[in-house]
Ligand code: FES
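Numbering (the working numbering), first residue to last: 995 to 1304.
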């Protein structure tokens, strides 16, 4: 804190600029930044509409006054963590350290695109999610036996069908690769029980295969089966934009484990396996068959998996 000509001033240290400057209790962080001759992006002119002026409060969050109504609305819409604040709306009552995450055109583009996201999307937050991996039984034989055009066409039909079901159960497809689908439950909106949502989605996906297989049989004399693995755990979820495609991704060990759990179906001849943590979320509401103790590829120690009938 500094006292300048009778006025109390609080210190702001910008790590991005390695610069120290001061804000009065009546000025916003944006006003203080601008006064310090730092070229801080604020596309909407400080009207709480664009969020490009956001700053990450690295230290001294307690010295930031609570969000005003305008900031609150935007923060809720975009699922901002507590320490991301709009500099154009935030005043301080003590010293803070900030980082400015939006520094160039590319950053502006990324930030503005976030307004197109589904409501409730949590950006860059750690969340407990149900992670579902599925793959198709008999896919390799199918892909080897048919011309590439037919394989792609059938897979597109499959993804289309499964996507609708996943969305109906409040999930979102995060990625597809070959015959594999990675879906997240609890990422887009808070569902009461994401694991239950994922299990119900697998049931519905399996049921829909009956109709799908009617088509496959008729057209190619083939049929598909589904295998799935579900894990529940903490992951970092966020929007990633590669320029050509945008997606909601989850990062964390729980995602890798979910993939291994799905693969374990091959060892046990099962269709749906869920982890211990997923089981804890649904015990009492979902009937499990056998319990399997196993190691998972790339993981140390022994894991307990529960078989669920589909
Ligand atoms: S400048 Fe647009 S929200 Fe702050």
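Cβ atoms here follow ideal geometry from the backbone N, Cα and C, with glycine treated the same way.
| Query | Result |
| --- | --- |
| Give the single residue among 1006, 1022, 1023, 1126 whose Cα lies nearest to the Cα of residue 1015. | 1006 |
| From the DSSP output, in three-state form, read off residue 1130 for me. | strand |
| Counting C-beta neighbours from all protein chains within 10 Å, is the total for residue 1061 16 or more, i.e. buried, or is it exposed? | buried |
| When the distance is taken between beta carbons, is residue 1262 closer than 9 Å to residue 1301? | yes |
| By DSSP, does residue 1112 sit in helix, in strand, or in coil? | Confidence at residue 1112 is low in this model, with a pLDDT of 45, below 50, so the placement of that residue is unreliable and no value is reported for it. |
| Hey, quick one: how far does the beta strand (DSSP E) through residue 1001 stretch, first residue to last? | 1001-1008 |
| Give me, in chain order, the residues of the same chain whose beta-carbon lies closer than 8 Å to that of residue 1153; leave out the 5 immediate sequence neighbours on both sides. | 1167, 1170, 1175 |
| Express the C-alpha separation of residue 1122 and residue 1297 in angstroms, rounding to a whole number. | 19 Å |
| Here's a check: name, in chain order, each residue in its chain whose Cβ is nearer than 6 Å to the Cβ of residue 1147, leaving out the five neighbours to either side. | none |
| Could you spell out the range, first to last residue, of the beta strand (DSSP E) harbouring residue 1053? | 1048-1053 |
| The beta strand (DSSP E) spanning residue 1160 covers which residue range? | Counting along the chain, residue 1160 falls outside any beta strand (DSSP E), though it belongs to the alpha helix (DSSP H) covering 1142-1162. |
| Suppose the cutoff is 6 Å on Cβ atoms and the five residues either side in sequence are ignored; what does the same chain contact list for residue 1189 look like? | 1124, 1226, 1272, 1275, 1276 |
| Roughly how many angstroms separate the alpha carbons of residue 1112 and residue 1282, rounded to a whole number? | Unreliable placement is indicated for residue 1112, whose pLDDT of 45 sits below 50; the coordinate value is still reported in the next sentence. Distance between the alpha carbons of residue 1112 and residue 1282 is about 34 Å. |
| Tell me which residues share the same chain as residue 1159 and place their Cβ nearer than 7 Å to its Cβ, disregarding the 5 neighbours each side in the sequence. | 1195, 1198, 1199, 1202 |
| For residue 1162, collect the residues of the same chain with a Cβ closer than 8 Å to its Cβ; drop the 5 residues on either side in sequence, then sort them by chain order. | 1195, 1198 |
| For residue 1185, collect the residues of the same chain with a Cβ closer than 7 Å to its Cβ; drop the 5 residues on either side in sequence, then sort them by chain order. | 1164, 1179, 1191 |
| In terms of residues, what are the limits of the alpha helix (DSSP H) holding residue 1015? | Here residue 1015 belongs to no alpha helix (DSSP H); instead the beta strand (DSSP E) covers 1013-1017. |
| To the nearest angstrom, report how far apart residue 1116 and residue 1245 are at their CA atoms. | Note that residue 1116 scores 49 on pLDDT, short of 50, meaning its location in the model is unreliable; the coordinates nonetheless yield the value given after this. The straight-line gap from Cα to Cα measures roughly 13 Å. |
| Below 6 Å CB to CB, which residues in the same chain sit around residue 1136 once its five sequence neighbours on both sides are set aside? | 1216 |
| Would the C-beta of residue 1021 count as close to the ligand FES, meaning under 8 Å from any of its heavy atoms? | no |
| Is residue 1058 near the ligand FES, going by C-beta to nearest heavy atom under 8 Å? | no |
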